[in-house]
Amino acid sequence: MPRYDYVCPENGRTLEVSHAMSEHLDTWGELARMAGADPGDTPETSPVERVFSIPMFTTSGSSGSGSCGPSGFS
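Just so you know, we're using my numbering here: the sequence shown kicks off at 12 and counts up by one.
What follows is the structure, given as structure tokens:
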């Protein structure tokens with residue numbers, strides 16, 4: 012499931028949550044519950060905004076050929 016960062020302008024906090032691509036969180040209360048975070052003194056009706064973040068990709072292993080293409084062709 013994709014992970015998304017949301018920021019609450021009211022309190023300046025950013026939380027990361029996982030949810031379906033079709034789902035969208037609108038309030039601090041929804042976000043705090045989904046993230047398992049204490050909402051604190053921020054009103055649960057405070058709006059939140061999904062922020063753009065660049066996904067990090069990692070690779071494991073190596074082809075050993077030193078190139079991106081298939082080996083064995085000349």
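Using N, Cα and C, we set each Cβ at its ideal position, and we do this for glycine too.
If we ignore side chains and look at the alpha-carbon of each, how far apart do E60 and C19 end up? For the purposes of this step, residue 60 is identified with residue 49 of the sequence shown, where counting begins at 1. For the purposes of this step, residue 19 is identified with residue 8 of the sequence shown, where counting begins at 1. The straight-line gap from Cα to Cα measures roughly 7 Å.
Contact set for M32: own chain, Cβ-Cβ below 8 Å, skip 5 residues either direction: Residue mapping note: residue 32 aligns to position 21 of the sequence shown, counting from 1. Excluding sequence neighbours, M32 sits near P13.
Just the C-alpha distance for L36 and G23, rounded to the nearest angstrom, thanks. Here residue 36 corresponds to residue number 25 of the sequence shown, with the count starting at 1. Here residue 23 corresponds to residue number 12 of the sequence shown, with the count starting at 1. Taking the straight line from one Cα to the other gives about 16 Å.
Which first and last residues belong to the alpha helix (DSSP H) in which E21 is found? On the sequence shown, position 10 is the one that residue 21 refers to. Run containing E21: none; DSSP gives neither H nor E here.
Paired residues, beta bridge with D54 - DSSP: Within the sequence shown, numbered from 1, the residue matching residue 54 stands at position 43. The sequence as given places Pro at residue 54; Asp does not occur at that position. P54 is not bridged to any residue.
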